[in-house]
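Residue numbers are given in full-length UniProt numbering: position 82 of the sequence shown equals residue 82, and the series is strictly consecutive. Cβ coordinates follow ideal geometry from the N, Cα and C atoms, glycine included. Here's the structure we're looking at; comments come further down.
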Amino acid sequence: MSDDEAQRVFQVVDSFDPGEFVQLLAEDARMVFGNAEPMVGRDAIAEGLRIFFATIAGLAHRVVRTWQVDADTIAETEVTYRRLDGKDVSVVAVSIWRTRDDGLISDYRVFVDLAPVYAV
């Protein structure tokens with residue numbers, strides 16, 4: 001996956017539309033966000049994203065660097081979250097995903113500390 005493709009993945013994430021995001025995924029994809037339980041399948045992932053998105057007002061990724069290792073993409077990003085109180089908080093995150101031969105993502109993992117986003 002090229003840097004352009006990684007940018008495209010994050011543009012879809014930043015669209016705040018779980019239905020659009022899951023179109024990037026295989027039907028049986030697995031997603032793990034932080035230390036949460038894995039979500040398996042497009043429907044479960046879309047629902048998990050809807051629940052998460054309800055706790056924030058928006059988000060924007062800035063890709064710092066990407067690495068490609070065979071079918072795996074590793075992306076270091078700075079993510080700016082818009083909190084429900086209107087304040088912006090930026091945190092560093094790493095996302096790792098595996099892309100199948102058909103271009104769909106089969107495994108997506110996000111490593112991030114969201115504590116600053118929810119701090120009072």
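Annotated three-state conformation of leucine 25 is strand, per DSSP.
When C-alpha distances from tyrosine 81 are compared across Val40, Thr73, Val64 and Thr55, the shortest belongs to Thr55.
Leaving aside the five residues that flank valine 32 on each side, the residues in its chain whose CB is nearer than 6 angstroms to its CB run, in chain order, Pro38 and Arg109. Counting other Cβ atoms within 10 Å of its Cβ, isoleucine 51 stays below 16 and is therefore classed as exposed. In the structure shown, arginine 50 falls within a helical segment according to DSSP collapsed to helix, strand and coil.
A Cβ-Cβ contact shorter than 9 angstroms links alanine 57 with arginine 83.
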